[in-house]
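K.L.:
The following block contains the structure, expressed as structure tokens.
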């Protein structure tokens, strides 16, 4: 009996609230609308819906080996321009961050013990730059994203259980040990995703999680005592160093996962050419391979030619009726 | 008011059910069917949802099974007690057998190895073997090789584990007994665990296969094995065989690990060792997990060195990284002057590990018995004193250099008798 009038009264009072504060509500609404008008993302940020700090950041190496030793050819500039454009479009589409890192020849890396160390330093620097990012995707300059509609979440991160090999039991070109003491895979998630080609680890396209483990790895990766002994043998520098760390140090092994080469790092026929009959390495347009990496095209192959070829495949695949209108 | 309300609710509910029942009974067959069909479909959908949730088809086919973690050996031997130590009475037998009989090797000059995939003996097999008269040495050998497989997997794990390597070649049986008893007495008082193993067990796992060359590099191997044996213990205190815990009633927490005590004993902004240009952090990081005493020796100049006769580590990523690095063959076999130089190198080149390391005042867990160093130094003719000599009421006494001067036995038994064991 008491309930009914009370609820009615409540209703009445809320009505009177609007009636009383009409003006204030109008002003607040106007201010909010103005903020939205001037800076829509600013409003979203204030409301905590949107943050302009991306969760995934692509690190694109550029001007590798550039500097004082020689002039860059026009073709090299063109390759770089295409590569950057390709990643920029991809990042815009998916809301990822993109940072382009110059890697010219520098004096501090010219000592024979230190020559491969730029990549680690760039990664460390980028992690400081984007402290709130979750993952970083390192891409070498001579790469093209061939399927811009694939997001990393749907293509890689949601399928980790199916894709990732952690013990090298499935593909092991270097014949590294597949079982080592103390490696605890079950209690550790993967923090570094890399691929292997015919010659072992390939760091041309890697996914790095922003974590304490990664920071420690970047700190431990280069060590003068180890590098001094091996710098004549380790042709691929930081790549070989990581192989050695993986084989001998379980705290590193337990956090690394291997993706099949073609998920994020497919090769053109020129690379790994001794294995041309093995479909595990090479880009296949029909299978919609995600990324093509013209790895090693500087060594006796035609980078510009390969770039053009894959660019034309890319355009064929991604042409839409409205593409011409927007010059996409 | 309350009971009345519930009664009225019940009545209403009854009314509702009754009306529903009469409606259903009034229906003819086709009406009933129309009613039951959507209900059936709904129930079916829910069933499918629950079943697919409980048995994800995708995973059973594609997900890889990851191998479980294991130590240096493939198989575990679960211990029922947190006090893990080898049968010490086998010391003379083991000494007699030598590496040749304990380990395998391909030929006379090649390296020793062990089969890490062998299963440990079951209790039954063990008892059987013990009763056989002629197999005394086989029995000792089997237990020696199985001892490294021992792990403690109970849910309540000790807070601290005392880690010690004992040596059947250079120590007398009596001395070994006193060392092990000392650790066990201390651990029992505070409900800690012990992890004691023969140093010789690690011979097949290093490249330079003798204790003289590799003993120091066995310490990281030993610590890593201890962490595998007690995966949830918090701290691991390595106490070397040339040391005795003198104050059994003082817990490690109260003596050192309490953050306040720790902070007052951390050496801030000091050189890592005498040859280091890098200094430790000026601030105290309570999250640091590697605790190493720094010794000072004063002769003409002050010499700083890291002391690995007594140090502490927590069981975390940073310790694992530190230990794995020291056990990496590339690092282990580098031409270091000393193990201490090797560790100092790690700390100087890897700032994150340095941040996670505390150098501490050695008075806390590493006071040195000076007579030994005097005896030791007399041979070289120089006078040298250690800044942190053992005094009564210190927690630990370290007979530095006693292995080299072969004086550990008498010193340990002399001080062992002074310990208040009640």
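Protein chains in written order, with our numbering: chain Y, 16 to 343; chain C, 9 to 430. Cβ coordinates follow ideal geometry from the N, Cα and C atoms, glycine included.
Jot down the residue ranges of each uninterrupted alpha helix (DSSP H) in the segment 87-165 of chain C, minimum 4 residues, whole runs only, in chain order.
P.N.:
99-110, 131-139, 144-155
K.L.:
For residue 132 of chain Y versus residue 228 of chain Y, is the C-beta spacing smaller than 8 Å?
P.N.:
no
K.L.:
Output yes if chain Y places a C-beta closer than 8 Å to the C-beta of residue 156 of chain C; else output no.
P.N.:
no
K.L.:
From the beta carbon of residue 17 of chain C, is the nearest beta carbon of chain Y less than 8 Å away?
P.N.:
Closer than 8 Å: no.
K.L.:
Would you kindly work out how many angstroms separate the C-alpha atoms of residue 428 of chain C and residue 112 of chain C, rounded to a whole number?
P.N.:
44 Å
K.L.:
Please list the residues of the segment 284-298 of chain C that have a C-beta atom closer than 9 Å to any C-beta atom in chain Y, keeping them in chain order.
P.N.:
none
K.L.:
Alpha carbon to alpha carbon, what distance is there between residue 77 of chain Y and residue 87 of chain Y?
P.N.:
Spanning the alpha carbons of residue 87 of chain Y and residue 77 of chain Y requires a straight line of approximately 12 Å.
K.L.:
When you compare each of C/397, C/368, C/424, C/78 to residue 435 of chain C by their alpha carbons, which one comes out closest?
P.N.:
Residue 435 of chain C lies beyond the stretch modelled for chain C, which goes from 9 to 430, so this question has no answer here.
K.L.:
Taking residue 44 of chain C as the reference, which of C/32, C/295, C/54 has the closest Cα?
P.N.:
C/32
K.L.:
So the candidates are Y/322, Y/179, Y/327; which of them puts its Cα closest to the Cα of residue 94 of chain Y?
P.N.:
Y/322
K.L.:
Assuming the contact rule is C-beta atoms closer than 8 Å, residue 107 of chain Y and residue 152 of chain Y should be a hit. Round their C-beta distance to whole Å, please.
P.N.:
The pair is not a contact, with the Cβ atoms about 15 Å apart (cut-off 8 Å).
K.L.:
So which residues of chain Y does residue 126 of chain C contact, with C-beta pairs closer than 7 Å?
P.N.:
The premise fails here: residue 126 of chain C is roughly 15 Å from chain Y at the closest Cβ pair, so nothing lies under 7 Å.
K.L.:
Thinking just about the alpha-carbon of each residue, which of Y/52, Y/325, Y/262, Y/98 is nearest to the one in residue 215 of chain Y?
P.N.:
Y/262
K.L.:
Does the beta carbon of residue 202 of chain C fall short of 7 Å from some heavy atom of the ligand ZN?
P.N.:
Annotation note on the ligand ZN: not contained in the displayed structure, which lists no ligands.
K.L.:
Suppose the cutoff is 7 Å on Cβ atoms and the five residues either side in sequence are ignored; what does the same chain contact list for residue 111 of chain Y look like?
P.N.:
By the criterion of a C-beta distance shorter than 7 Å, residue 111 of chain Y is surrounded in its chain by 69, 71, 72, 73, once the five residues flanking it on both sides are discounted.
K.L.:
With a threshold of 8 Å between beta-carbons, can residue 236 of chain C be considered close to chain Y, or not?
P.N.:
yes
K.L.:
Using a Cβ-Cβ distance under 8 Å, would residue 259 of chain Y count as near chain C?
P.N.:
Residue 259 of chain Y counts as touching chain C.
K.L.:
Excluding sequence positions up to five away, which residues of its chain have a Cβ less than 8 Å from the Cβ of residue 267 of chain C?
P.N.:
Only 294 meet the Cβ criterion.
K.L.:
Considering Cα atoms alone, identify which of Y/313, Y/325, Y/119, Y/311 is closest to residue 298 of chain Y.
P.N.:
Y/325
K.L.:
Identify the contact partners of residue 230 of chain Y in chain C, using a Cβ-Cβ distance below 9 Å as the criterion.
P.N.:
360
K.L.:
Along the chain, which unbroken stretches of the alpha helix (DSSP H) at least 4 residues long are found entirely within the segment 234-309 of chain Y?
P.N.:
239-245, 253-263, 265-268, 276-279
K.L.:
What is the C-beta distance between residue 305 of chain Y and residue 170 of chain Y, in whole angstroms, given that I count them as a contact (C-beta under 8 Å)?
P.N.:
6 Å
K.L.:
From the DSSP output, in three-state form, read off residue 311 of chain C for me.
P.N.:
strand
K.L.:
Which one or two residues does DSSP pair with residue 44 of chain C in a beta bridge?
P.N.:
Beta-bridge pairing links residue 44 of chain C to no other residue.
K.L.:
If we cut at 8 Å on Cβ distances, does residue 201 of chain Y have a partner in chain C?
P.N.:
Taking a beta-carbon distance threshold of 8 Å, residue 201 of chain Y counts as an interface residue toward chain C.
K.L.:
What is the DSSP secondary structure of residue 66 of chain C, counted as helix, strand or coil?
P.N.:
Since pLDDT at residue 66 of chain C reaches only 44, below the 50 mark, its modelled position is unreliable, and no value is offered.
K.L.:
Quick one: complete alpha helix (DSSP H) runs, 4+ long, within the segment 173-241 of chain C?
P.N.:
181-198, 219-237
K.L.:
For the structure I just gave you, are there three or more beta carbon pairs, one from the segment 119-127 of chain C and one from the segment 70-87 of chain C, closer than 8 Å?
P.N.:
yes
K.L.:
Residue 5 of chain Y by DSSP, collapsed to three states: which one?
P.N.:
What is shown of chain Y runs 16 to 343, which leaves residue 5 of chain Y out entirely.
K.L.:
Looking only at C-alpha atoms, which of C/363, C/396, C/356, C/420 sits nearest to residue 375 of chain C?
P.N.:
C/396
K.L.:
Could you check whether the segment 193-200 of chain Y touches the segment 174-185 of chain Y, counting it as contact only if at least three pairs of C-beta atoms, one from each stretch, sit closer than 8 Å?
P.N.:
yes
K.L.:
Is residue 75 of chain Y helix, strand or coil by DSSP?
P.N.:
strand
K.L.:
Which of the residues in the segment 71-84 of chain C, read from start to end, lie with their CB under 9 Å from any CB of chain Y?
P.N.:
71, 72, 74, 75, 76, 77, 78, 79, 80, 81, 82
K.L.:
Assess contact between the segment 354-374 of chain C and the segment 283-298 of chain C, defined as three or more Cβ pairs (one per stretch) separated by less than 8 Å. Is contact present?
P.N.:
Verdict: yes, contact present.
K.L.:
For a minimum of 4 consecutive residues, which ranges assigned as the alpha helix (DSSP H) are wholly contained in the segment 313-372 of chain C?
P.N.:
Runs of the alpha helix (DSSP H) inside the segment 313-372 of chain C: 325-335, 337-340, 347-357, 359-363.
K.L.:
Counting C-beta neighbours from all protein chains within 10 Å, is the total for residue 135 of chain C 16 or more, i.e. buried, or is it exposed?
P.N.:
exposed
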